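Chemist: Residue numbers (numbering that gives the first Met the number 0), protein chains in the order written: chain E, 0 to 43; chain H, 0 to 157.
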Amino acid sequence: MARSEEVRVQRLREDAQRTLSTNLAEGIALSHKLMQFTGAARKS
Amino acid sequence: MSGPAFDELLRRLTDADVQFVVVGGLAVNAWGVVRGTKDVDVVVAPDIDNLKRLAEVAVAAGGHVQQGEAFLGTPISIASALAGGEQVPIETDLGRLDVVQGLDGVPDYEELSAQATEAEVLGVRVLICSRGHLTAMKRAAGRTRDLADLEDLEATAE
Numbered sequence: 000m001a002r003s004e005e006v007r008v009q010r011l012r013e014d015a016q017r018t019l020s021t022n023l024a025e026g027i028a029l030s031h032k033l034m035q036f037t038g039a040a041r042k043s
Numbered sequence: 000m001s002g003p004a005f006d007e008l009l010r011r012l013t014d015a016d017v018q019f020v021v022v023g024g025l026a027v028n029a030w031g032v033v034r035g036t037k038d039v040d041v042v043v044a045p046d047i048d049n050l051k052r053l054a055e056v057a058v059a060a061g062g063h064v065q066q067g068e069a070f071l072g073t074p075i076s077i078a079s080a081l082a083g084g085e086q087v088p089i090e091t092d093l094g095r096l097d098v099v100q101g102l103d104g105v106p107d108y109e110e111l112s113a114q115a116t117e118a119e120v121l122g123v124r125v126l127i128c129s130r131g132h133l134t135a136m137k138r139a140a141g142r143t144r145d146l147a148d149l150e151d152l153e154a155t156a157e
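Following this line, the structure appears as structure tokens:
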């Protein structure tokens, strides 16, 4: 496994140890940022 | 649209006593695979009163459904579309609410809710489908995105 993939999987495992509420809040925040970014990109 | 607010959409559904289980991308997030998603996927209890409550929340949030050339923008028309048993994507000012139903490999509300886990969003509790149900649905859907999610979910379980 490449080093970058090892790091990614390790982070996934660490995230999976957090509460569902924490992960859900982070996922929602990320989705909002991405949608705002892609919306702004479409307008420009 | 002022911008997506998935958390506010979930809060409003809960406050209106809509019976639902979160599936799809937000459930993937909750189980530890944090990635962006473009909608809120839910499986709902299919009784008509529940569908009406959901439709009212959606319309209050500027929601509408585009079905071919038909534009559905009232609670009764959206509840009627939901009662048809097919998947219904509802565009709202808070983001897209995708009511998942009638798809192979997706358990019904009763089965999902029995094994679901609660998570808190904006001070309210919402049901997240179980990891087992989520991976089974991802496997059944089988699209590239689903298989990538499945691989990541399995990596977190090892």
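In this text, a Cβ means the ideal position worked out from N, Cα and C, and glycines have one as well. Please read these numbers as outputs of a predicted model, since none were measured by experiment.
Do you know how far the Cα of H/Gly24 is from the Cα of H/Ile77?
Modeler: Looking at the two C-alpha atoms, the distance is approximately 23 Å.
Chemist: Please identify, using Cβ separations under 8 Å, the residues of the stretch 26-38 of chain H that lie next to chain E, in order along the chain.
Modeler: Residues Val27, Asn28, Ala29, Trp30, Gly31, Val32, Val33, Arg34, Gly35, Thr36 and Lys37.
Chemist: Taking a Cβ distance cut-off of 7 Å, strictly less, list which residues of the stretch 111-136 of chain H are near chain E, in chain order.
Modeler: Taking 7 Å as the Cβ-Cβ cut-off against chain E, the residues of the stretch 111-136 of chain H that qualify are Thr116, Ala118, Glu119, Val120 and Ile127.
Chemist: Taking C-alpha atoms, which residue in E/Gln16, E/Ala24 and E/Leu11 lies nearest to H/Gly122?
Modeler: It is E/Ala24 whose Cα lies nearest to the Cα of H/Gly122.
Chemist: Which stretch, first to last residue, makes up the beta strand (DSSP E) that contains H/Thr13?
Modeler: Not the beta strand (DSSP E): H/Thr13 falls in the alpha helix (DSSP H), residues Phe5 to Asp14.
Chemist: Assess contact between the stretch 77-95 of chain H and the stretch 112-128 of chain H, defined as three or more Cβ pairs (one per stretch) separated by less than 8 Å. Is contact present?
Modeler: Too few Cβ pairs lie closer than 8 Å, so no.
Chemist: If you draw a straight line from the C-alpha of E/Leu11 to the C-alpha of H/Ile75, how long is it?
Modeler: Those two C-alpha atoms are separated by around 43 Å.
Chemist: Could you check how far apart the C-beta atoms of H/Cys128 and H/Leu111 are, in whole angstroms? I think they sit under 8 Å.
Modeler: Indeed, because the Cβ distance is near 5 Å, the residues count as touching under 8 Å.
Chemist: Count the other CB atoms, across all protein chains shown, that sit within 10 Å of the CB of H/Arg130; report buried if there are 16 or more and exposed otherwise.
Modeler: Its Cβ being crowded by 16 or more others within 10 Å, H/Arg130 is buried.
Chemist: In whole angstroms, give me the CA-to-CA distance for H/Leu152 and E/Glu4.
Modeler: Approximately 14 Å, taken between the alpha carbons.
Chemist: Specify the secondary structure class of H/Gln100 as computed by DSSP and reduced to three states.
Modeler: Of the three classes helix, strand and coil, the one that applies to H/Gln100 here is coil, per DSSP.
Chemist: Comparing the C-beta of H/Pro3 with each C-beta of chain E, is any distance below 7 Å?
Modeler: With 7 Å as the cut-off, H/Pro3 counts as an interface residue toward chain E.
Chemist: Do E/Asn22 and H/Ala29 have their CB atoms nearer than 7 Å?
Modeler: Contact: yes.
Chemist: Would you kindly report the start and end of the unbroken alpha helix (DSSP H) that includes E/Gln9?
Modeler: Counting along the chain, the alpha helix (DSSP H) containing E/Gln9 begins and ends at Arg2 to Ala15.
Chemist: For H/Thr116, list the residues DSSP reports as bridge partners.
Modeler: H/Ile127, per the DSSP bridge assignment.
Chemist: Suppose contacts are defined by Cβ-Cβ distances below 7 Å. Is H/Val87 in contact with H/Val105 by that definition?
Modeler: No; because the gap between Cβ atoms is not below 7 Å, this pair is not in contact.
Chemist: Using the C-alpha atoms, what's the distance from H/Phe5 back to H/Gly62?
Modeler: Between H/Gly62 and H/Phe5, the C-alpha separation is close to 13 Å.
Chemist: Counting only the same chain and skipping the five closest in sequence on each side, list residues whose C-beta sits under 7 Å from that of H/Leu8.
Modeler: The answer, listed in chain order, is Val39, Ala60, Thr91, Leu93, Gly94 and Leu96.
Chemist: Where are the alpha helix (DSSP H) runs, 4 residues long or more, that stay fully inside the stretch 33-59 of chain H, in chain order?
Modeler: As far as the stretch 33-59 of chain H is concerned, its whole alpha helix (DSSP H) runs of at least 4 residues are 47-59.
Chemist: From H/Ala139 to H/Leu12, what distance separates their C-alpha atoms?
Modeler: Each residue's Cα considered, the two are about 27 Å apart.
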